[in-house]
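The next block holds one structure in the form of structure tokens; read it before the comments.
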Amino acid sequence: MKPRQRRERWWLCVAPLYLFTLLFVLGPVLYMIAVSFAQNTAGTGFRWAFTLENFAKMRDGVYLNCFRESLRLALSTTLLNVLIGYPFGYFMGRLGARGKRLMLFLVMVPFWTSSLIRLYGWLIILQAKGLLNNVLLALGLIREPLKILYTYPAVLTGMVYGLLPFMILAVYTSVEKMDWTLVEAARDLGATPARAFLTITLRLTLPGLMSGVILTFVPSMGLFFIADLLGGNKIVLVGSLIQDQMTRGGNQPFAAALALVLAVMTTLLLALYRRATHMSELEGML
Amino acid sequence: MKRKRFSFAAFYLALVTLITYLPIAVVVVFSFNDSKLPVAWKGFTWRWYETLLRDAALMEALRNSVVLGLVSCAFAAVVGTLGAIGMARVHYRSKGMMEYLSTVPIMLPEIILGMVFMAFFSLLRLPFGWPTLILAHTSFCIPYVYLMVKARLVGIDKSIEEAARDLGATPARAFFDITLPLILPAVASGCILSFAMSFDDVVISIFVNGPTLSTLPIKVYTQMRTGVTPEINALCTILLAAVVLAQALSAALRRGALRREESNDKGERV
Amino acid sequence: MENGQANIILELRDVTKRYDGAEVLAGISLRVGEGEFVTLLGSSGCGKTTMLRIIAGLTEPDGGSVLLEGRDVVGDPPEKRGVNTVFQSYALFPHMTVFQNVAYALCIRGVGRREIEQRVGEALSLVQMGESGRKTPDQLSGGQRQRVAIARALINRPKVLLLDEPLGALDLQLRRQMQYELKKLQKQLGTTFIYVTHDQEEAINMSDRIVLLHRGRIEQQGTPNDIYDHPRTSYAAQFVGSANILRGTAERVEGDTVILRTGGGTMRCRTDGLPLAPGDALALAVRGENIAISREPDGDAGVRGVVEGNTFAGGMLRIPVRLDDGTEAVITRQGIHFDFAAGETVYLSWQPDAAVLVDRREAEP
């Protein structure tokens, strides 16, 4: 008798979440899927006529290239983040309690500051008459100021920089949970330090590394403004393309189709990740 | 051998941290530069801070961002917290699906969310501006609160609430006396996180802000494309100082709470 | 003792270790013979685990040397030592099955697939876990994890097996059973075991030799019987077998027996041939079960005290008696019957043979 009464009350608790999610998450997503199959008309409108032409259009070299570029950027961003962030999170996790507190503080401050501002800092550093060129000139390493801003490396720098804290925190969280006697046990059983690291530490911190990969890869597919600001208009990513089609281009169905493809790509990746590990890593991170 | 490895770790940590702080330091330094262009040091000045206070548009953008963050985070706190508590107890078949859907806004690249909202809100003929911004921001704030509270609830012993019921508390009473205080820290960190995300968001906002309403990130973004005035540096320096202060404060509070807990433990043992 | 004989497999020479300025090991020297079961016994913080870690190579000593089969291994990494450890927390790899855990050391050494299967199978059946190869550690009970940890540490056929309080996490009944099994296993394999514990019962039941550690020093070492019957110090007497330590002044020596005077009367104790002179301040150890209790003094022998109550614990009745000089002596009896009431004045006495002089450092051979 009591359980039923309880269940009725809990229904009230989840109602707002259900309502909001259905209305403002599922609704828009379904609408986007529908629009992606609609037909574009002149101006900003579209017609409800089932067509695959929006997807067919993507086979065009320009757009394929755009996907390739986005993927390349996202993958290199993620890879660099792993290479820089994993050692960082690992070393951080092996510090003493006070060291950990200090490093956590130092990592969190940029995390809470506006990403645009930090980007602006890079803009100042990388520009033709900026800090980096001045330092390089003063050291005599170069004669002419290098053109760094509005190049691919500049964009990559911005992306890696913007997403690094996520990777560090994800790795740190799992390294911190490591039971180091396991490494001692491996050494005791004959493993060299490198072997023990590969078979034990790396394996056991893999979930953290994976959440770091997700946390950097997913956003990097859509952070068009970094490429926009540091790359000029030379590098067109899927993100910028969607924004362009949505606003200036006025082709909503095509934008929707592009977004759908991007969404499917990232969702597949997430599903893969979910199978490999659990959401708890992501939840425990913050 | 051990010592050598340790110093490499320290060196690496210091180096990466230094690089991380370099752009921030540059922004701060140039907020005091007596020149409109951030290329060379022309002497110390406060004038960007003075013009900042007189820059009505920028101050309004700041105010908008704060209001937007607070309102979306408040909505998210209510919906997300209630949802997490309820979800822990209901056993609907739709639960798994709903749980997944409700976290979709932080699982998808922001650009998709922005684009989708823009299309959907125009379908609904919502006036672009405050309503659309708040709805969009609330949608990606909810998952943060929800996930935080959910993680905390997993750690709470269910029998505590049952003990309260056993001692005569009504379900509502047991909730307010027992469960709520225990999950409050999680709600708070979820709120702080979602406020930060909202305050920093440019991608989604740019799709749904409408023609007249501007948030701080949008303002900074447009300025960065056309030409930044050092007022922005000054504003960033102030915000940075606020963040550092808040972080230090919360760290101190947490340490205090920890110490209290420890001394409580000792008290109990005696 | 037998460690003077040939076939010394492990020797520690003046090993020292400090942590943050605190002395953990203050010059430990120890020889362990092949096939011996040696227990390092002591309370927490006595340095026993540090000693084990130094032998395993997980901690480096500040000074002294560790010789394995005559070769100094200080500075050698743990993987090069031919010594394996059963960790206190078992340290089973959570991401591997039981089979993979046990096979780990063989995989590292590049042993062939077939040999791995055979040897892991043998090792698992040795600890009666032959059926559980496919399980993961989190599917096992505490006792089963323990067995897997032992199999994993034995797979390399180590010269010396180190065990760090391996039974600490198990309940009493399982602990007793595992004591028996471990001892049997050790006999069967002939492997040298170095076993760390704070539990005197484990030490007495299993060891060929007990090394009692106290504040980073070896307090006493010898066979369980030796330490039990001839504790040299009051610490040893109290730690092994919970003896009462009573103090008095030597009055006279009668043959093998010394008569001591104390606040509440006189006590008798065997001398073990120690040179004693009247007036010497002495301490003696006597176990609770050997103390007789009566309402009247037994001739001139007997110490007066007041019964403080009694408690039943571990199948024994414990009766604390406050002696006239303020020391508390605890008398133990089988069963739950006791004729004396709390507050009653009584006299304690014992056979001279049941008491042993302790803390006579200058008298050590």
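Protein chains in written order, with my numbering: chain G, 1 to 286; chain A, 1001 to 1270; chain Y, 2001 to 2365. Using N, Cα and C, we set each Cβ at its ideal position, and we do this for glycine too.
Local conformation of residue i per DSSP, three classes
i: M2001 of chain Y; result: With a pLDDT of 43 at M2001 of chain Y, under the threshold of 50, the modelled position of this residue cannot be trusted; read the value that follows with caution. It is coil, neither helix nor strand.
i: M279 of chain G; result: Only weak support is given to the placement of M279 of chain G: the predicted model assigns it a pLDDT of 45, under 50, and the value that follows is read from those uncertain coordinates. M279 of chain G falls in the coil class under three-state DSSP.
i: C2269 of chain Y; result: strand
i: P87 of chain G; result: helix
i: L2348 of chain Y; result: strand
i: D2324 of chain Y; result: coil
i: R1003 of chain A; result: For R1003 of chain A, the pLDDT reaches just 45, beneath the cut-off of 50, and the residue's location in the model is therefore unreliable, although a value from the coordinates is still provided. R1003 of chain A: helix per DSSP, three-state reduction.
i: S114 of chain G; result: coil
i: T2332 of chain Y; result: strand
i: L258 of chain G; result: helix
i: L1070 of chain A; result: helix
i: E2308 of chain Y; result: coil
i: K147 of chain G; result: coil
i: A1014 of chain A; result: helix
i: S1250 of chain A; result: helix
i: S2242 of chain Y; result: coil
i: V1028 of chain A; result: helix
i: D2229 of chain Y; result: helix
i: W1226 of chain A; result: With the sequence shown as reference, residue 1226 of chain A is identified as Thr, and Trp is not the correct amino acid for it. Of the three classes helix, strand and coil, the one that applies to T1226 of chain A here is helix, per DSSP.
i: F2037 of chain Y; result: strand
Among the options, the one whose alpha carbon lies nearest that of residue i
i: A2259 of chain Y; options: Y:K2080, Y:P2158 and Y:D2300; result: For the sequence presented, residue 2259 of chain Y should be read as Ile rather than Ala. The candidate whose alpha carbon is nearest that of I2259 of chain Y is Y:D2300.
i: L2170 of chain Y; options: Y:L2058, Y:N2225, Y:Y2090 and Y:G2021; result: Y:Y2090
i: L1216 of chain A; options: A:A1009, A:V1066 and A:E1050; result: A:V1066
i: T1103 of chain A; options: A:A1088, A:G1080 and A:A1248; result: A:G1080
i: L268 of chain G; options: G:M108, G:S240, G:M178 and G:V218; result: G:V218
i: W48 of chain G; options: G:C66, G:S36 and G:F225; result: G:S36
i: L230 of chain G; options: G:A97, G:M32, G:W122 and G:C66; result: G:W122
i: G2063 of chain Y; options: Y:K2135, Y:G2112 and Y:R2013; result: Y:R2013
i: E1110 of chain A; options: A:L1239, A:L1235 and A:M1197; result: A:M1197
i: P2137 of chain Y; options: Y:L2167, Y:L2172, Y:C2107 and Y:T2097; result: Y:T2097
i: M2267 of chain Y; options: Y:V2306, Y:A2283 and Y:G2112; result: Y:A2283
i: E176 of chain G; options: G:A74, G:L26, G:F46 and G:R101; result: G:R101
i: A1009 of chain A; options: G:L30, G:G43, G:M103 and G:A56; result: G:M103
i: A34 of chain G; options: G:L270, G:L260 and G:L189; result: G:L260
Contact under 8 Å by Cβ, residue i with residue j
i: A255 of chain G; j: M1115 of chain A; result: yes
i: A196 of chain G; j: R187 of chain G; result: yes
i: V1243 of chain A; j: T113 of chain G; result: yes
i: L237 of chain G; j: Y86 of chain G; result: no
i: G232 of chain G; j: F166 of chain G; result: no
i: L2317 of chain Y; j: R2333 of chain Y; result: yes
i: L2126 of chain Y; j: A2151 of chain Y; result: yes
i: V1090 of chain A; j: V1149 of chain A; result: no
i: V2384 of chain Y; j: R2261 of chain Y; result: Residue 2384 of chain Y is absent from the structure shown; chain Y starts at 2001 and stops at 2365.
i: R2147 of chain Y; j: Q2118 of chain Y; result: no
i: G2216 of chain Y; j: V2024 of chain Y; result: yes
i: V2358 of chain Y; j: I2204 of chain Y; result: no
i: T2059 of chain Y; j: L2162 of chain Y; result: no
i: G2264 of chain Y; j: L2167 of chain Y; result: no
i: I2028 of chain Y; j: I2218 of chain Y; result: yes
i: T201 of chain G; j: V183 of chain G; result: yes
i: V2160 of chain Y; j: T2192 of chain Y; result: yes
i: L116 of chain G; j: I125 of chain G; result: no
Quick check for students: name the residue ranges of the alpha helix (DSSP H) that lie wholly in the segment 2076-2158 of chain Y, counting only runs of 4 or more. Every unbroken stretch of the alpha helix (DSSP H) spanning 4 or more residues and falling wholly within the segment 2076-2158 of chain Y is given here in chain order: 2098-2108, 2113-2126 and 2142-2154.
List, from N- to C-terminal side, the alpha helix (DSSP H) runs of 4 residues or more that fit wholly inside the segment 1084-1165 of chain A. List check, alpha helix (DSSP H) in window: 1095-1107, 1110-1123 and 1130-1155.
Can you list the beta strand (DSSP E) stretches of 3 or more residues lying completely in the segment 2163-2226 of chain Y, in chain order? Counting only runs of 3 or more, we get 2192-2197, 2209-2214 and 2217-2222.
Uninterrupted alpha helix (DSSP H) stretches inside the segment 50-89 of chain G (no shorter than 4 residues): Secondary structure remark: continuous alpha helix (DSSP H) runs of at least 4 residues inside the segment 50-89 of chain G, in chain order: 53-56.
Positions along the segment 1129-1157 of chain A whose CB lies within less than 9 Å of some CB in chain G: Of all residues in the segment 1129-1157 of chain A, only L1135, A1136, T1138, S1139, I1142, Y1144, Y1146, L1147, M1148, K1150, A1151 and V1154 come within less than 9 Å of chain G when Cβ atoms are compared, listed by chain position.
Using a Cβ-Cβ cut-off of less than 8 Å, list which residues of the segment 1209-1231 of chain A approach chain G; keep chain order. If you check each beta-carbon in the segment 1209-1231 of chain A against every beta-carbon of chain G, the ones closer than 8 Å belong to L1216, P1217, V1220, Y1221, M1224, R1225 and V1228.
Tell me the start and end of each unbroken alpha helix (DSSP H) in the segment 209-276 of chain G that is at least 4 residues and wholly inside, in chain order. Whole alpha helix (DSSP H) segments, 4+ residues: 224-230, 238-246 and 252-276.
Length-filtered (3 minimum) beta strand (DSSP E) runs lying within the segment 1158-1210 of chain A: Within the segment 1158-1210 of chain A, no complete beta strand (DSSP E) run reaches 3 residues.
Listed in chain order, which residues of the segment 189-209 of chain G have Cβ atoms closer than 7 Å to some Cβ of chain Y? Cβ contacts with chain Y: L189, G190, A191, T192, R195, I200, R203 and L204.
May I have a chain-ordered list of the alpha helix (DSSP H) segments no shorter than 4 residues that lie completely inside the segment 132-214 of chain G? Runs of the alpha helix (DSSP H) inside the segment 132-214 of chain G: 152-176, 181-188 and 193-196.
According to a CB-to-CB cut-off of less than 8 Å, which residues of the segment 88-110 of chain G neighbour chain Y? Cβ contacts with chain Y: none found.
Contact list for the segment 174-189 of chain G against chain Y, Cβ threshold 8 Å: For the segment 174-189 of chain G, which is checked against every Cβ of chain Y, the residues closer than 8 Å are D179, T181, L182, E184, A185, A186, R187, D188 and L189.
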